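Worksheet: one structure, shown below.
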Amino acid sequence: MIANLADIESMEKSFQTNLINHLSGAKAAHLIGTYNEQHQSNLAIFSNVIHIGANPAMMGVLFRPVGADSHTYKNIQANKQFTLNQIPVSLVPQAHQTSARYTLGISEFEACGIEEETIPEFDGPFVKQSLVKMGLIWEEEHLIKSNQTVLLVGKIQYISIHDSVLLPNGHIDLDVAQSVSAGGLDTYYQVKKLAQFPYAKVSADASHEPRRNS
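If you read the sequence shown in the UniProt record's numbering, its first letter stands for residue 1, the second for the next number, and so on.
If you want it as structure tokens, here you go:
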């Protein structure tokens, strides 16, 4: 398929939505846990989570335009804290179900059969089955004016990684963790390691060549 702007804008709506959502490829899937002002837990699946920086350690979450049912965003605004939990293969059906529009005050942990975990070190609800999870506090956010989405940046305060998936060099073995990626809004993929390379350097005999795609 070849499509220019006019072609894209004239596409049938659901086809266009699916196509554009899949163009960026598979993205890491996370469950975001929050508390509302009454300290009731909320859980929702997100695939728009990105690494912002390592020092200070920060992650970003892209939120769709905020509406009445934007419980996760509103809870973070109220309490300034949230958890990110990688999704294992065994939890995919329940994790996907959290995308349903539950009534405010209903916990997706209970409604979707996901075990909630609390710890004394961080005041946020974690997913017990997740092998890689973190607690973050709100740091800043930025409005994308063209479509009213919000990039929210959180600073990592707490990390929990199961010993079986943490490697001596600090890498996380996503194969062993059985972490899941999402394509679009409803399709899931299992992560599989293909290769690992040393840090890339320009060889001495090629140092005079112009850099490309960097």
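All residues carry an ideal CB built from backbone N, CA and C; glycine is no exception. The structure presented is a predicted model; accordingly, all values stated were derived computationally and were not measured.
Exercise. Would you mind sorting residue 118 into buried or exposed? The rule is 16 or more other CB atoms within 10 Å of its CB.
Key: Exposed, because fewer than 16 other Cβ atoms sit within 10 Å of the Cβ of residue 118.
Quiz item: What's the C-alpha gap between residue 74 and residue 65?
Solution: Between residue 74 and residue 65, the C-alpha separation is close to 12 Å.
Quiz item: Who are the Cβ neighbours of residue 89 in its own chain at under 7 Å, not counting the five residues just before and after it?
Solution: Answer for residue 89: 178, 180 and 190, listed in chain order.
Quiz prompt | alpha helix (DSSP H) segment containing residue 4, residue limits | solution = Neither: residue 4 is in no alpha helix (DSSP H) and is coded neither H nor E.
Practice problem: Give a yes or no on whether the C-beta atoms belonging to residue 113 and residue 81 are separated by under 7 Å. | Solution: Remark: C-beta atoms of residue 113 and residue 81 do not approach each other more closely than 7 Å.
Quiz item: Where are the beta strand (DSSP E) runs, 3 residues long or more, that stay fully inside the UniProt domain "Flavin reductase like" (30-164), in chain order?
Solution: Fully enclosed beta strand (DSSP E) runs of 3 or longer: 30-35, 41-46, 49-54, 57-63, 81-86, 116-119, 122-127, 132-144 and 149-161.
Quiz prompt | Neighbour-count burial assignment, residue 132, 16 or more Cβ in a 10 Å radius | solution = Classification of residue 132: buried, given that the 10 Å Cβ count is 16 or more.
Exercise. Under 8 Å Cβ to Cβ from residue 11, same chain only, skipping five residues before and after it: list those, please.
Key: Only 3 and 19 meet the Cβ criterion.
Quiz item: How is residue 178 classed by DSSP in three states: helix, strand or coil?
Solution: In the three-state DSSP reduction, residue 178 falls in the coil class, being neither helix nor strand.
Exercise. From the DSSP output, in three-state form, read off residue 23 for me.
Key: In the structure shown, residue 23 sits in a helix (DSSP, three-state: H, G or I).
Exercise. Report back the beta-carbon spacing between residue 58 and residue 154 to the nearest angstrom; my notes put them in contact at under 8 Å.
Key: Confirmed, Cβ separation roughly 7 Å.
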